[in-house]
Amino acid sequence: MKKKERLNYNIIFVLFLMLCASVIAIYSAQQTHQYPTNFAVRQVMWYGVGAVIIALAMIPDTEQMDKLTWYFYWLNIAILVLLVVSPEAIAPKKNDAKSWFVLPGVGSIQPSEFMKVGLILALSKVVTKHNETFKLRNFHTDLKLLWKMAFTTLLPILLVMLQPDLGTALVIMFIFTVMLFMSGVTWKLITGLYGIIGTIGASILYMVLYHPKILSTYLHVSQYQFNRIYAWLDPESYKASLSYNYMQAVTAIGSGRMNGNGFFRDHVLYVPEKHSDFIFSAIGESFGFVGGSIVISLFMLLVYNIVIVASNTKEPFQSYICAGIIAMITFHVFENVGMDIGVLPITGIPLPFISYGGSSLMSSMLAVGIILKISYESNQYMFD
51 MKKKERLNYN IIFVLFLMLC ASVIAIYSAQ QTHQYPTNFA VRQVMWYGVG
101 AVIIALAMIP DTEQMDKLTW YFYWLNIAIL VLLVVSPEAI APKKNDAKSW
151 FVLPGVGSIQ PSEFMKVGLI LALSKVVTKH NETFKLRNFH TDLKLLWKMA
201 FTTLLPILLV MLQPDLGTAL VIMFIFTVML FMSGVTWKLI TGLYGIIGTI
251 GASILYMVLY HPKILSTYLH VSQYQFNRIY AWLDPESYKA SLSYNYMQAV
301 TAIGSGRMNG NGFFRDHVLY VPEKHSDFIF SAIGESFGFV GGSIVISLFM
351 LLVYNIVIVA SNTKEPFQSY ICAGIIAMIT FHVFENVGMD IGVLPITGIP
401 LPFISYGGSS LMSSMLAVGI ILKISYESNQ YMFD
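Per this note's numbering, the sequence shown starts with residue 51, numbered consecutively.
Here is the structure:
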């Protein structure tokens, strides 16, 4: 096939539709005049940067990508370590979290966004190499693979929790979970592992509700994170303080009803971070249930196309990468929309490709660039 015919135009078209949806939603969020900056124009600029990232991501072939995986993984680990030890002059705290570098002329960069992609590549390599080495699977070999994957995932989680950034840690854990299921590890290990994790999770929730001082002392959980849990469990009691963001977002979405209030009408509801973390509230307010459904359908269409790419490739390494990226995108959408409509706690996770933010968009475009490269090579195999 000709090179241009091997490009996956379905995914490219979905990205174009997401660009349109993002700019419209961000522009709609700015109609309250709460922002002095035109974030819609900046988002177009970040999409331009993302297009360059996609082009760069499509340069290495599978073999080169395999060789570069650990370099990219350890580079991201080193940057996260640097973030933790950096002075607040270049890594200031925001909402008690030290998650961003502030670079002159560039703005804020969140390194943990790129760590997600680095982890997906690393876990894919770990699983592929292990399965190639151990053709005959048993409990012992599966336990060895579990330890390899756990160690690879543990470093990013520890560094992210030192910031602390619970939202990103949850994304990393979900990526690990999906790729563990895909790796072929026996269900006995998976059941035992997540039985333990479920017990620990329930214990932590109990500690949050009844003994928060122990968590803040020994795990350095900040009061800001406790507040998010309290506001989620009892929003009405904290609607003037802790759950203010949640109540405003839910009210904004509810006011849109079926078709929304309209694009050019003045919006009277103030929602903090409406252009980024709470972008779905702007979509629901302006375009109602119909607009929100269209945006969610775009994500379903993107995931569907990635599943097709995964099913067409002959390389296990590429299939695991596709699974990890699907997990990353799916969890982001589920958590962001969930916190906007009040069924999940607020964690500050952006809506991929839609929320304003350079780091999130560049990371997502890097992931899509890798998918496009996998699709490009798969189409070549199909017609060679």
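Note that the Cβ used here is the ideal one computed from N, Cα and C, for glycine as well. Note that this is a predicted model, so its numbers are computed, not measured.
Please report the straight-line C-alpha distance between residue i and residue j, rounded to a whole angstrom.
i: residue 434; j: residue 111; result: Since pLDDT at residue 434 reaches only 49, below the 50 mark, its modelled position is unreliable, and the value read off the structure follows with that caveat. Distance between the alpha carbons of residue 434 and residue 111: 16 angstroms.
i: residue 380; j: residue 158; result: 25 angstroms
i: residue 303; j: residue 63; result: 28 angstroms
i: residue 276; j: residue 213; result: 15 angstroms
i: residue 345; j: residue 188; result: 44 angstroms
i: residue 147; j: residue 403; result: 23 angstroms
i: residue 137; j: residue 151; result: 10 angstroms
i: residue 205; j: residue 247; result: 18 angstroms
i: residue 67; j: residue 260; result: 46 angstroms
i: residue 165; j: residue 149; result: 12 angstroms
i: residue 123; j: residue 172; result: 7 angstroms
i: residue 310; j: residue 341; result: 8 angstroms
i: residue 273; j: residue 267; result: 11 angstroms
i: residue 264; j: residue 80; result: 41 angstroms
i: residue 313; j: residue 334; result: 11 angstroms
i: residue 178; j: residue 198; result: 12 angstroms
i: residue 194; j: residue 186; result: 13 angstroms
i: residue 237; j: residue 217; result: 27 angstroms
Output yes if chain C places a C-beta closer than 7 angstroms to the C-beta of residue i; else output no.
i: residue 230; result: This model lacks chain C altogether, as it is built from one protein chain only.
DSSP three-state label for residue i, please.
i: residue 320; result: coil
i: residue 403; result: coil
i: residue 364; result: coil
i: residue 239; result: helix
i: residue 298; result: helix
i: residue 398; result: coil
i: residue 307; result: coil
i: residue 357; result: helix
i: residue 193; result: helix
i: residue 213; result: coil
i: residue 58; result: coil
i: residue 109; result: coil
i: residue 234; result: coil
i: residue 261; result: coil
i: residue 434; result: With a pLDDT of only 49 at residue 434, under 50, the local geometry of the prediction cannot be trusted, and the value read off the model is given with reservation. Three-state DSSP puts residue 434 in coil, outside helix and strand.
i: residue 285; result: coil
i: residue 187; result: coil
Measure the beta-carbon distance from residue i to residue j and round it to whole angstroms, keeping in mind my assumption that it falls under 8 angstroms.
i: residue 419; j: residue 104; result: 4 angstroms
i: residue 241; j: residue 175; result: Between residue 175 and residue 241 the Cβ distance is about 26 angstroms, and since that is not below 8 angstroms, they are no contact.
i: residue 400; j: residue 386; result: 6 angstroms
i: residue 129; j: residue 154; result: With 8 angstroms as the limit, residue 129 and residue 154 do not qualify as a contact, their Cβ atoms being about 18 angstroms apart.
i: residue 250; j: residue 170; result: Rounded, the Cβ-Cβ distance is 24 angstroms, inconsistent with contact.
Here's the rule: buried if 16 or more other CB atoms are within 10 angstroms of the residue's CB, otherwise exposed. What is residue i?
i: residue 141; result: buried
i: residue 192; result: buried
i: residue 308; result: exposed
i: residue 327; result: buried
i: residue 65; result: buried
i: residue 121; result: exposed
i: residue 96; result: buried
i: residue 393; result: exposed
i: residue 361; result: exposed
i: residue 183; result: exposed
i: residue 343; result: exposed
i: residue 255; result: exposed
i: residue 93; result: buried
i: residue 432; result: Low confidence applies to residue 432: its pLDDT is 47, below 50, so where it sits in the model is not reliable, and the reading given next is rough at best. Exposed.
i: residue 347; result: exposed
i: residue 252; result: exposed
i: residue 87; result: exposed
i: residue 222; result: buried
- Which whole runs of the beta strand (DSSP E) in the stretch 134-184 are 3 residues long or more, in chain order? 151-153 and 157-159, all fully within the stretch 134-184.
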